[in-house]
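Residue numbers (our numbering): 123 to 452.
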Ligand SMILES: C[S@@+](CC[C@H](N)C(=O)[O-])C[C@H]1O[C@@H](n2cnc3c(N)ncnc32)[C@H](O)[C@@H]1O
């Protein structure tokens, strides 16, 4: 296993082999436990703290679903969510006896929030371009309402935009009649019902030609689905349900059937390390485990970190309808 990380973790979980965290010249007392028994490490820490101490050119791809409202994962809003009080989280009414998952309200963002988003993604892009190897790709989940606050800072930080992956998914967003006037304007929706989720696709510029970069850094392209089929940018993938949701109760859980496809594509030669700086319940890390890749996951919230610790092996072991396991298509 090619290691680009220095040993510095204070605590390892029992039975795990020694773990390492990329730090430059300082010990990592605040760093949370990590596990690395099966080619993945997870850390309960702030992503920016970790990233600014990571070695340059030590990560081969990033697949992540970042916070968007920014405030929705603050202690205050998480407490409201966990006590069922809502706040920035819209708690949909139960339907047919099923309680729907809460959704953060992006439409309530004011100008200051939007500026904060732009600043957040600028900081993130600057750190990611430093830690990625040349030719390394970033797949970043977004939303049609706010995607430009991500894409612009990434491009300004030196990334090349390489397209977008469109996840076709029916959500509960949009499609509502005007608030408090739905009878009067029963034929109107204020926004389209959202049926897709954009994932920005960026690449750190290659060193020379793609073939040179592939030889030197093992990055620069995307892994094909098979000899005859390239990776494609339209993927139909329903929200995570049932067993997945039970294993990984996170309000923004992404399904394995989708994540395994993009994580697999992110390492063209199946070599290197995938990072998720905002792993939530660890679904990206589970997807990497399922397709046989090394990965690192970061999560600042203790509760979600504990969820991830438990959920990753079980999520990785799940069969998915159109997903992948051990790098093989089913
Ligand atoms: C949109 S969720 C990701 C959920 C994930 N896709 C899943 O399937 O479970 C974003 C996560 O980032 C975490 N987060 C927010 N800011 C962070 C930071 N600065 N460092 C590390 N994690 C952070 C939040 O606690 C949240 O769990």
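The beta carbon of each residue, even a glycine, is placed where N, CA and C say it ideally should be.
Boundaries (first-last residue) of the alpha helix (DSSP H) holding residue i
i: residue 417; result: Segment 416-421 is the beta strand (DSSP E) holding residue 417; no alpha helix (DSSP H) there.
i: residue 364; result: 364-369
Local conformation of residue i per DSSP, three classes
i: residue 296; result: coil
i: residue 162; result: strand
i: residue 395; result: strand
i: residue 349; result: coil
i: residue 404; result: coil
i: residue 376; result: coil
i: residue 143; result: Only weak support exists for where residue 143 lies, its pLDDT of 34 falling under 50; the value from the coordinates is given anyway. Coil, per DSSP.
i: residue 256; result: strand
i: residue 186; result: strand
i: residue 234; result: helix
i: residue 490; result: Since the first and last residues shown for the chain are 123 and 452, residue 490 lies out of range.
i: residue 389; result: coil
Of the listed residues the options, nearest to residue i (C-alpha basis)
i: residue 255; options: 396, 363 and 441; result: 396
i: residue 351; options: 243, 275, 296 and 383; result: 383
i: residue 261; options: 275, 285, 439 and 205; result: 285
i: residue 402; options: 364, 414, 335 and 433; result: 433
i: residue 389; options: 362, 239, 345 and 441; result: 345
i: residue 266; options: 385, 319 and 306; result: 319
i: residue 119; options: 160, 162, 354 and 168; result: A question about residue 119 goes unanswered here, because the residues of the chain that appear run from 123 up to 452.
i: residue 404; options: 373, 298, 309 and 312; result: 373
i: residue 290; options: 281, 316 and 308; result: 316
i: residue 277; options: 327, 311, 238 and 237; result: 327
i: residue 281; options: 386, 238, 249 and 173; result: 249
i: residue 312; options: 300, 163, 322 and 411; result: 300
i: residue 182; options: 438, 391, 400 and 188; result: 391
Local Cβ density within 10 Å of residue i, reported as buried at 16 or more and exposed below that
i: residue 314; result: exposed
i: residue 358; result: exposed
i: residue 131; result: Residue placement at residue 131 is flagged as unreliable, the pLDDT there being 27, under the threshold of 50; the coordinate-derived value follows with that caveat. Under this definition residue 131 is a buried residue.
i: residue 292; result: exposed
i: residue 365; result: exposed
i: residue 368; result: exposed
i: residue 310; result: exposed
i: residue 234; result: exposed
i: residue 283; result: exposed
i: residue 197; result: exposed
Extent of the continuous beta strand (DSSP E) run through residue i
i: residue 289; result: 282-290
i: residue 320; result: 318-325
i: residue 356; result: 356-358
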